[in-house]
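**Q** My questions will all concern the structure given below.
Residue numbers (the numbering used here): 315 to 661.
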């Protein structure tokens, strides 16, 4: 009876493994969120995910090979399309005038072309059978690349999961991802630029698509295993408190030197006519702008509400009209007094 090897590119074992992986990933995510504070179960969870993934890849290699009508019927890729039809009907125990499924009818009609047979060897049966809009070589290339892209994307996502923060393999994330991207580029280049001829000895014709597919699955199996069992990164040592103290001391020393240089800078500016004129002009401008701000009642009111008042205390006024000195003015007065007492008086 006609088997599913060339009619349906998927298989029940593969679907079962995919469902199992989804369940395991959901359970692993729940456990990781539950124990992420301690980090005790990070490695076991990643091991479970990797085990499920490896079982899936192995099941695909064993039970879910890409469909290949020539391999299934044990016929060379140069056999006429009519002979393929007769063999299929005979295997399915159907009468000679029976009708095959539409997908197989499309495949057999396309295999009447020598170019399509070469595309079959290069791109596989799924591309020739399911790409209804493909007509030229570029169309088949685009369809083939778009069909393999999700597999590589899933591989990169798996590597990101295996190298998640706390796994100890963070440093391998970029290298493993670049390896997968390199494999994808190498496969695309190899398939597109592959040269072979069906007119030579048909016994030596290799089903290149099946061969590339097998190599891809093996690499999908090897790369995550190597990444997961690669040497872990040594935990970064906790910073010593003394290092923080030394850094703070150095910063304070630099600030102190800047403050000490201010008194000498003031004297140097006053001794130079050009700098002295520029300084007097700048301070005069600051004085004028300061008077504008201090005389504005709205600015004074907002400053008082923000706790940055600069009101001048009134002297000789009654208790009802007394004005307390603004907080900002008090802070400035205290700072200047402290600087004067520390010997930082202007020269």
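Backbone N, C-alpha and C define an ideal beta-carbon position, used for all residues, glycine too.
(1) Only counting the same chain, and skipping five residues up and downstream in sequence, which positions put a Cβ closer than 6 Å to that of residue 639?
(2) Do you know how far the Cα of residue 436 is from the Cα of residue 450?
(3) Could you please give the first and the last residue of the uninterrupted alpha helix (DSSP H) stretch that includes residue 394?
(4) Label residue 650 either buried or exposed according to how many other C-beta atoms from any shown protein chain fall within 10 Å of its C-beta, with 16 as the threshold for buried.
(5) Rounding to the nearest angstrom, what Cα-Cα distance links residue 387 and residue 396 in this structure?
(6) I'd like the span of the alpha helix (DSSP H) that includes residue 577, first residue to last.
(7) Which value, in whole angstroms, describes the spacing of the CA atoms of residue 326 and residue 400?
(8) Would you call the region 460-472 in contact with the region 401-417, where contact means no fewer than 3 C-beta pairs closer than 8 Å?
(9) Residue 458 by DSSP, collapsed to three states: which one?
(10) Do the CB positions of residue 473 and residue 538 come within less than 8 Å of each other?
(11) Step through the CB atoms of chain D and report whether any lies within less than 8 Å of the CB of residue 530.
(12) Under a three-way DSSP split, which group does residue 654 fall into?
(13) To the nearest angstrom, how far is the alpha carbon of residue 496 from that of residue 423?
(14) Mind reading off the beta-carbon distance from residue 512 to residue 428? Whole number of angstroms is fine, and I expect it under 8 Å.
(15) Going by the CB atoms, is the gap between residue 533 and residue 522 shorter than 8 Å?
(16) Rounded C-beta distance between residue 519 and residue 391? I'm assuming under 8 Å.
(17) Taking its Cβ as the centre, do 16 or more other Cβ atoms sit within 10 Å of residue 438, making it buried, or is it exposed?
(18) Tell whether a beta-carbon distance below 8 Å holds between residue 483 and residue 489.
(19) Can you tell me the Cβ-Cβ gap for residue 442 and residue 430, rounded? I've got them flagged as a contact below 8 Å.
(20) For residue 641, which residues in the same chain have their Cβ closer than 8 Å to its Cβ, ignoring the five residues on either side in sequence?
(21) Look up residue 595 in the DSSP assignment and say whether it is helix, strand or coil.
(22) Let's test the definition: count the other Cβ atoms within 10 Å of the Cβ of residue 665 and tell me whether it reaches 16, buried, or not, exposed.
(23) Quick check on DSSP: helix, strand or coil for residue 483?
(24) Compare the C-alpha of residue 500 against each of 561, 479, 530 and name the closest.
**A** Here's the rundown:
(1) Taking the chain shown and counting its residues from 1, one reaches residue 639 at position 325. Correct list, in chain order: 627.
(2) One-based indexing of the chain shown puts residue 450 at position 136. One-based indexing of the chain shown puts residue 436 at position 122. Answer to the nearest angstrom: the Cα atoms are 14 Å apart.
(3) Numbered from 1 along the chain shown, position 80 holds the residue referred to as residue 394. Here residue 394 belongs to no alpha helix (DSSP H), and DSSP marks it neither H nor E.
(4) Working through the chain shown from its first residue, we reach residue 650 at position 336. Residue 650 comes out exposed.
(5) On the chain shown, residue 387 is found 73 positions in, with the first residue counted as 1. On the chain shown, residue 396 is found 82 positions in, with the first residue counted as 1. Roughly 14 Å separates the two Cα atoms.
(6) Numbered from 1 along the chain shown, position 263 holds the residue referred to as residue 577. Here the alpha helix (DSSP H) through residue 577 covers 555-585.
(7) Within the chain shown, residue 326 is the residue found at index 12, counting from 1. Within the chain shown, residue 400 is the residue found at index 86, counting from 1. With a pLDDT of only 45 at residue 326, under the threshold of 50, the placement of this residue in the model should not be trusted; the figure read from the coordinates follows. Their Cα atoms are separated by approximately 28 Å.
(8) no
(9) Translated into the one-based positions of the chain shown, residue 458 becomes position 144. DSSP places residue 458 in helix when its eight states are reduced to three.
(10) Position 159 of the chain shown holds residue 473. Position 224 of the chain shown holds residue 538. Yes, the Cβ-Cβ distance between residue 473 and residue 538 is below 8 Å.
(11) Of the protein chains in this structure there is only one, and it is not chain D.
(12) Within the chain shown, residue 654 is the residue found at index 340, counting from 1. Residue state, collapsed to three classes: helix.
(13) Within the chain shown, the letter at position 182 stands for residue 496. Within the chain shown, the letter at position 109 stands for residue 423. Computed Cα separation, rounded: 36 Å.
(14) For the purposes of this step, residue 512 is taken as residue 198 along the chain shown, with counting starting at 1. For the purposes of this step, residue 428 is taken as residue 114 along the chain shown, with counting starting at 1. Indeed, because the Cβ distance is near 7 Å, the residues count as touching under 8 Å.
(15) Position 208 of the chain shown holds residue 522. Position 219 of the chain shown holds residue 533. Not closer than 8 Å, so no.
(16) As a first step, residue 519 must be located in the chain shown, where it is residue number 205. As a first step, residue 391 must be located in the chain shown, where it is residue number 77. The Cβ separation is near 6 Å, so the contact holds.
(17) For this step, residue 438 is matched to residue 124 along the chain shown. By the neighbour-count rule (16 or more Cβ atoms within 10 Å), residue 438 is buried.
(18) Taking the first residue of the chain shown as 1, we reach residue 483 at position 169. Taking the first residue of the chain shown as 1, we reach residue 489 at position 175. Their beta carbons are not under 8 Å apart, which means residue 483 does not touch residue 489 by this criterion.
(19) Sequence index remark: in the chain shown, residue 442 carries index 128 (1-based). Sequence index remark: in the chain shown, residue 430 carries index 116 (1-based). At roughly 6 Å, the Cβ-Cβ gap stays under 8 Å, so residue 442 and residue 430 are in contact.
(20) One-based indexing of the chain shown puts residue 641 at position 327. Taken in chain order, the residues that qualify are 621, 622, 623.
(21) As a first step, residue 595 is located in the chain shown; it is residue number 281 there, counting from the start. Residue 595 falls in the helix class under three-state DSSP.
(22) A query on residue 665 cannot be resolved here, the shown segment of the chain reaching from 315 to 661 and no further.
(23) Locating residue 483 in the chain shown gives position 169, counting from the first residue. Coil.
(24) Here residue 500 refers to the residue found at position 186 when the chain shown is read from its first residue. When only C-alpha atoms are compared, the closest one is 530.
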